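Asks: As numbered in this note's numbering, the sequence shown has no gaps in its residue numbers, which increase by one up to the final residue, 372.
Note that the Cβ used here is the ideal one computed from N, Cα and C, for glycine as well.
If you're wondering where the values come from, they're calculated on a predicted model, not measured in any experiment.
Once you've had a glance at the structure underneath, I'll fire off some questions.
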Amino acid sequence: MVSRSVRLTAASGDSILFSTEKCGAFLFESIRSTGTPAVTIFTTQSPGMHGAYREEALLEPREMTLSVYVSGDPGLYGDACRQSMDKNLLRLNRLVGQVQKDLTITYRTTYGTYVTYGTVSAKVEQGARKVLRGRHYTPVTLTIFCARPLWYALEWSTADLRYNSRGIKFPFRLSTSFGIGGYRRTILNSSAAALPLQIDIIGPAAMPTISNNTTGAAMTLSRPLLAGERLFIDTDLDNISVIYPDIYRNRMSAVGYLTDDSDFIQLAPGSNTLVFESGDDLQNATVVLRWRQAFTGV
75 MVSRSVRLTA ASGDSILFST EKCGAFLFES IRSTGTPAVT IFTTQSPGMH GAYREEALLE
135 PREMTLSVYV SGDPGLYGDA CRQSMDKNLL RLNRLVGQVQ KDLTITYRTT YGTYVTYGTV
195 SAKVEQGARK VLRGRHYTPV TLTIFCARPL WYALEWSTAD LRYNSRGIKF PFRLSTSFGI
255 GGYRRTILNS SAAALPLQID IIGPAAMPTI SNNTTGAAMT LSRPLLAGER LFIDTDLDNI
315 SVIYPDIYRN RMSAVGYLTD DSDFIQLAPG SNTLVFESGD DLQNATVVLR WRQAFTGV
């Protein structure tokens with residue numbers, strides 16, 4: 075049977091796994107507020123109107139409570155276990171005290187593994203030490219504030235949008251045929267929220283356009299990419315970036331490679347039809363898309 079666990083990982087790489095394995099030094103007890111967070115609904119009302127118009131609904135930040143026990147290293151008992159427990163408490167406080175960036179919270183259930191990001195926002199509560207069969211335990215309660223309330227799938231999904239003027243070959247048979255001017259792919263966003271994309275464009279490309287026909291959003295390059303040149307685009311609204319790595323592997327901002335009317339396309343909930351058009355039938359460019367499914371609660 076798969077046990078539940080929570081792993082906290084700091085930006086420095088420090089990591090602690092809290093599990094239900096009784097022989098470990100960091101024991102998982104419970105985590106609360108992992109479900110769908112509170113929702114704020116925005117409305118407008120006209121004079122004399124009964125009720126109101128529903129304009130928008132937004133998920134509020136999430137605040138979780140993680141309850142754990144910290145003990146000494148496995149195989150230690152008595153005073154040696156007590157000393158090891160104090161060392162592990164120091165290690166935990168050092169990890170959660172790294173507040174410059176969010177912790178990565180990896181939560182494993184009996185069904186799947188999910189990731190979110192947050193900071194320990196309240197005083198770390200350490201309860202009275204307990205001794206059981208020579209082993210020392212300290213109960214600890216962590217309050218974690220997640221400004222972005224979504225849970226993300228552990229693995230990234232990847233899809234290619236490859237343009238080829240000599241025709242398009244699929245490893246499977248489709249009922250629909252496509253012309254040589256572009257490539258399209260249907261991507262299912264099974265979450266309840268829009269998902270950002272990471273887009274890797276590899277030249278040569280004249281002035282290609284990537285469109286989400288489902289939402290009507292489109293992104294167009296304003297200048298060509300030479301053979302082997304690359305452009306990395308992140309459409310995450312909290313981390314929007316367009317990066318061009320030069321021949322010396324220096325990463326430079328390249329927002330100017332997109333036209334002024336370009337949209338930072340995302341995947342709407344449900345089925346999305348993405349289309350890539352090259353702008354030149356004689357050039358062969360490749361576009362690689364990466365995204366992670368997200369969940370409002372687990």
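Candidates V80, S145, F369, V173: which alpha carbon is nearest P213's?
Replies: Counting from 1 along the sequence shown, the entry for residue 213 is found at position 139. Considering only alpha carbons, the answer is S145.
Asks: Can you name, in chain order, every residue of its own chain whose Cβ lies under 7 angstroms from the Cβ of D310, other than the five neighbours on each side?
Replies: On the sequence shown, residue 310 is found 236 positions in, with the first residue counted as 1. Answer for D310: P270, listed in chain order.
Asks: Looking at the secondary structure, which residues open and close the alpha helix (DSSP H) in which A154 lies?
Replies: Mapped onto the sequence shown, residue 154 falls at position 80. Unbroken alpha helix (DSSP H) run through A154: 152–170.
Asks: Quick check: what's the CA-CA separation for N263 versus W365?
Replies: The count along the sequence shown starts at 1 and reaches residue 263 at position 189. The count along the sequence shown starts at 1 and reaches residue 365 at position 291. N263 and W365: Cα-Cα distance of roughly 9 angstroms.
Asks: Tell me H210's beta-bridge partners as DSSP assigns them.
Replies: On the sequence shown, residue 210 is found 136 positions in, with the first residue counted as 1. V205, per the DSSP bridge assignment.
Asks: Less than 8 angstroms separating the beta-carbons of G186 and Y151?
Replies: Residue mapping note: residue 186 aligns to position 112 of the sequence shown, counting from 1. Residue mapping note: residue 151 aligns to position 77 of the sequence shown, counting from 1. In this structure, Y151 does not lie closer than 8 angstroms to G186 by Cβ.
Asks: In the DSSP assignment, find the unbroken beta strand (DSSP E) run with T139 in it and report its ends.
Replies: Locating residue 139 in the sequence shown gives position 65, counting from the first residue. From DSSP, the beta strand (DSSP E) with T139 extends over 136–145.
Asks: Starting from Y331, trace the beta strand (DSSP E) in both directions and tell me its first and last residue.
Replies: Taking the sequence shown and counting its residues from 1, one reaches residue 331 at position 257. Taken as a continuous stretch (DSSP letters only), Y331 belongs to no beta strand (DSSP E), as it is neither H nor E.
Asks: For L166 and T110, what's the separation of their Cα atoms in angstroms?
Replies: Here residue 166 is taken as the residue at index 92 of the sequence shown, counted from 1. Here residue 110 is taken as the residue at index 36 of the sequence shown, counted from 1. Roughly 28 angstroms between the two C-alpha positions.
Asks: For Y226, name the three-state secondary structure that DSSP assigns.
Replies: Numbered from its first residue, the sequence shown carries residue 226 at position 152. Looking at Y226 - three-state DSSP - the assignment turns out to be strand.
Asks: Report the CB separation of F102 from S79 in whole angstroms; it is logged as a contact under 8 angstroms.
Replies: In the sequence shown, the residue the question calls residue 102 occupies position 28. In the sequence shown, the residue the question calls residue 79 occupies position 5. Rounded, the Cβ-Cβ distance is 6 angstroms, consistent with contact.
Asks: Going along the chain, which residues of its own chain have a beta-carbon closer than 6 angstroms to the beta-carbon of D234, five neighbours each way excluded?
Replies: Here residue 234 refers to the residue found at position 160 of the sequence shown. These residues qualify, in order along the chain: V362.
Asks: Should D312 go down as buried or exposed, given a rule of 16 or more other Cβ atoms within 10 Å for buried?
Replies: Sequence index remark: in the sequence shown, residue 312 carries index 238 (1-based). By the neighbour-count rule (16 or more Cβ atoms within 10 Å), D312 is not buried but exposed.
Asks: Where does G192 land, buried or exposed, given buried means 16+ other C-beta within 10 angstroms?
Replies: As a working mapping, residue 192 is identified with position 118 in the sequence shown. It is buried - the Cβ of G192 has at least 16 other Cβ atoms within 10 Å.
Asks: Quick one: give me the first and last residue of the beta strand (DSSP E) that S89 is part of.
Replies: The sequence position of residue 89 within the sequence shown is 15, counting from 1. Its beta strand (DSSP E) spans residues 89–93.
Asks: For I218 versus V194, is the C-beta distance shorter than 8 angstroms?
Replies: Along the sequence shown, read from residue 1 onward, the residue named residue 218 stands at position 144. Along the sequence shown, read from residue 1 onward, the residue named residue 194 stands at position 120. In this structure, I218 sits near V194, with a CB-CB distance shorter than 8 angstroms.
Asks: Throw me the rounded Cβ distance for the T215 and T139 pair, which I believe falls under 8 angstroms.
Replies: Along the sequence shown, one-based indexing puts residue 215 at 141. Along the sequence shown, one-based indexing puts residue 139 at 65. With 8 angstroms as the limit, T215 and T139 qualify as a contact, their Cβ atoms being about 6 angstroms apart.
Asks: Name the two residues that bound the continuous beta strand (DSSP E) containing E130.
Replies: For the purposes of this step, residue 130 is taken as the residue at position 56 of the sequence shown. Segment 127–133, the beta strand (DSSP E) holding E130.
Asks: Kindly list the residues whose CB is nearer than 6 angstroms to the CB of G371, restricted to its own chain and excluding five residues on each side of it in sequence; keep chain order.
Replies: Working through the sequence shown from its first residue, we reach residue 371 at position 297. G109, T110.
Asks: Could you tell me the distance, in whole angstroms, from the CA atom of A268 to the CA atom of R259?
Replies: As a position in the sequence shown, residue 268 is number 194, starting the count at 1. As a position in the sequence shown, residue 259 is number 185, starting the count at 1. Whole-angstrom Cα-Cα distance: 17 angstroms.
Asks: DSSP three-state label for R297, please.
Replies: As a working mapping, residue 297 is identified with position 223 in the sequence shown. R297: coil per DSSP, three-state reduction.
Asks: My output table needs one value for S265: the three-state DSSP class, helix, strand or coil.
Replies: In the sequence shown, counting from the first residue as 1, residue 265 sits at position 191. Three-state DSSP puts S265 in coil, outside helix and strand.
Asks: Just verifying my parser: in three-state terms, what is the DSSP assignment at F369?
Replies: What you label residue 369 is simply residue 295 of the sequence shown in a count that begins at 1. Strand, per DSSP.
Asks: Mark I321 as exposed unless 16 or more other C-beta atoms lie within 10 angstroms of its C-beta, in which case mark it buried.
Replies: Working through the sequence shown from its first residue, we reach residue 321 at position 247. It is exposed - the Cβ of I321 has fewer than 16 other Cβ atoms within 10 Å.
Asks: When DSSP builds the beta bridges, which residues end up paired with T309?
Replies: Walking along the sequence shown from the start, residue 309 turns up at place 235. BP columns for T309 are empty, so no partner.
Asks: Within 10 angstroms of the Cβ of N287, are there 16 or more other Cβ atoms? Answer buried if so, exposed if not.
Replies: Along the sequence shown, read from residue 1 onward, the residue named residue 287 stands at position 213. Classification of N287: exposed, given that the 10 Å Cβ count is below 16.
Asks: How long is the line joining the alpha carbons of G149 and A221, rounded to whole angstroms?
Replies: Taking the first residue of the sequence shown as 1, we reach residue 149 at position 75. Taking the first residue of the sequence shown as 1, we reach residue 221 at position 147. Answer to the nearest angstrom: the Cα atoms are 39 angstroms apart.
Asks: According to DSSP, simplified to helix, strand and coil, what is T83?
Replies: On the sequence shown, residue 83 is found 9 positions in, with the first residue counted as 1. Note: T83 maps to strand in three-state DSSP.
Asks: Going by CA-CA distance only, name the one from I317, L332, K197 that's closest to M326.
Replies: In the sequence shown, the residue the question calls residue 326 occupies position 252. When each option's Cα is compared against that of M326, the closest is I317.
Asks: Within this structure, are the beta carbons of D88 and L169 separated by less than 8 angstroms?
Replies: The sequence position of residue 88 within the sequence shown is 14, counting from 1. The sequence position of residue 169 within the sequence shown is 95, counting from 1. Closer than 8 angstroms, so yes.
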